[in-house]
Structure formats: structure tokens, C-alpha cells
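To keep things clear, I will list the structure first and then write my remarks on it.
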Amino acid sequence: MIMGSPKWHGTEVPLATATALDAPAASFTVWQLIREDVNCVKARDPAARHTFEIVLTYPGVHAIIWHRLASRLWRRGVKFPARFLSWLGRFLTNVDIHPGATIGRRFFIDHGACVVIGETAEIGDDVTLYHGVTLGGTSWTAGKRHPTLRNGVLVGAGAKILGPITVGAGCRVGANSVVIEDVPPAMTVVGIPGRVVKPTSDRRKLGDGRIDLEHHLMPDPVGEAIVSLLDRIEFLEARLTHLQGERQRGRPASADEAA
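Numbering (my numbering), first residue to last: 103 to 361.
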């Protein structure tokens, strides 16, 4: 358990805020957390065949193992060894997780590469990130400056979640989205900037606990907007053609037609 209030760059942050998601994970040993991190891969990656393969060949698993060790040192005030372990993990896995980040149970980085998790980021239980995800800050201000991801969040490849915002439990963030505002629980967010497009209640349910990615059903708000514009243009062109035909026949357009 963490004693006292942690500090980020010399600024004290209240324990209730800084470790809001840390209490459940802190009650487990490092090895218990790592065992859960390894075991959860089989439920989220159909390519995972057995534990031995996961432990040896999954860089996302290697990254969270290094982070679990570095984080315990960091929270005990052993800062330089914690940063060194974090750097070593980044060097070996190409996943950059600051040892000050709070990460809950059963965390999985699929296709672990080019993931960045900032110092004051907070991640709940059963969260999945894909490659290229950034949980970054938007300010030089000391204190909380990175996002909070609640339980069960899934973040697609290349997505950026920036600033001290909260992504609610059960949310999904579409690939390459940029999220800069709070997201209510159980929503799907896509686009730049991220927009809520689909609630969890609209998704197909899987009874065996697996994640339903529905990549082929991902909403496309930009495409939908373009389709609406094209429909409107087609209607206006037809209306203009009708008015031009009436004028050529010498019949004045009615007030409604002219409008």
C-alpha cells in the first residue's frame, strides 16, 4: 500500500485523487498481478495458444511486467531505479510506461509497440490498448495532467487520449481517434476530435467474456455527414433544374418553388 500523498514534480497530490484506481491492485503482490496480466491474454487475443508462448513472445506482456516492478519501486520512493527499470522496459519492448502511472488488474497491450503512458495516467481493471496508443498530457502544469481510463475500456490502434480527462467504464475508442474531452461510460468514440457515436447497448454481446471488436461495424460519422451532404446537393440540383425548365417555358415560378 502507498503511505502518504504522492508527489509529481514536487507538487503534492491528495491520495484520494492520485490513487483512486490503485487501491484494488495495491492489495495484490506483484507476482499475483503479473499472473493475471498473463492469463487475461487468452481471453482477448485469439492468436494466443498457451501460457509459455505468451510469456516468451508478447512484448505487451513484457512491458507490463517491467512496469509492475518499476511501479512498486517508484511508490516506495526509490525513484532512480524505478526510472531505470522503466527505461529498460522501453528499450526491450518499445512500450513507454512511466513508473508513476497507476495501472489496475488484467491489463493487456495487444501488438505491444509504440505505446506511451504518462506519469499521472490512471488505468482501471480489464483495460486493453492496441499498438500506437498514447495516454498523454497537454500541459506543463504539475499535478494530474494525463487521462484516467475506467474499468473495461478498449482503445484502438493509434488513438490518442490527451489531458486530465476521464474515459468512462466500458468505453471503446476507435483507431486513430483523438480524445480531448470526458467520455460518459459505455460509449464508443471515434474521430478527430473524438465524438460519441454509439452506446454499449447497441453492440452485439458475446456470452463467453471475449471482446467484440466489430471492426467492420465501426461507425463513420464523417462518411455519414458526406452522404447527407451529397443527398442534399442532389435534391437542390433537381430543384434548380425544375426551376430552370419552368423559366424557359415562360411560366413564373411559384413562391414556394422560388424559395
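Note that CB positions come from ideal geometry on N, CA and C, so glycine has one too.
Check, Outcome
"Ends of the beta strand (DSSP E) at I263?", "262 to 264"
"Return yes when the Cβ of G239 is within less than 8 Å of the Cβ of G226, no when it is not.", "no"
"Tell me where the beta strand (DSSP E) around T290 begins and ends.", "289 to 292"
"Starting from T236 and walking both ways along the alpha helix (DSSP H), at which residues does that stretch end?", "Segment 236 to 238 is the beta strand (DSSP E) holding T236; no alpha helix (DSSP H) there."
"Could you name the residues that DSSP lists as bridge partners for A274?", "Looking at the sequence shown, residue 274 is not Ala but Arg. Note: R274 sits in a beta bridge opposite L256, T290."
"Name the two residues that bound the continuous beta strand (DSSP E) containing D284.", "No beta strand (DSSP E) contains D284, which DSSP labels as neither H nor E."
"Between which two residues does the alpha helix (DSSP H) harbouring I267 extend?", "No alpha helix (DSSP H) holds I267; DSSP gives it neither H nor E."
"Counting along the chain, where does the alpha helix (DSSP H) carrying V157 start and finish?", "153 to 159"
"Going straight from the alpha carbon of W168 to that of S330, what length do you get?", "49 Å"
"What is the DSSP secondary structure of E221, reduced to helix, strand or coil?", "coil"
"Leaving aside the five residues before and after H317 along the sequence, list all residues of the same chain whose C-beta is less than 8 Å from its C-beta, in chain order.", "Only weak support is given to the placement of H317: the predicted model assigns it a pLDDT of 49, under 50, and the question is left unresolved by the model."
"Who are the Cβ neighbours of L231 in its own chain at under 7 Å, not counting the five residues just before and after it?", "I211, V217, V257"
"Have a look at H233, R341, K246 and flag the residue whose alpha-carbon is nearest the alpha-carbon of K262.", "H233"
"Mark T131 as exposed unless 16 or more other C-beta atoms lie within 10 angstroms of its C-beta, in which case mark it buried.", "exposed"
"Between which two residues does the beta strand (DSSP E) harbouring V197 extend?", "197 to 199"
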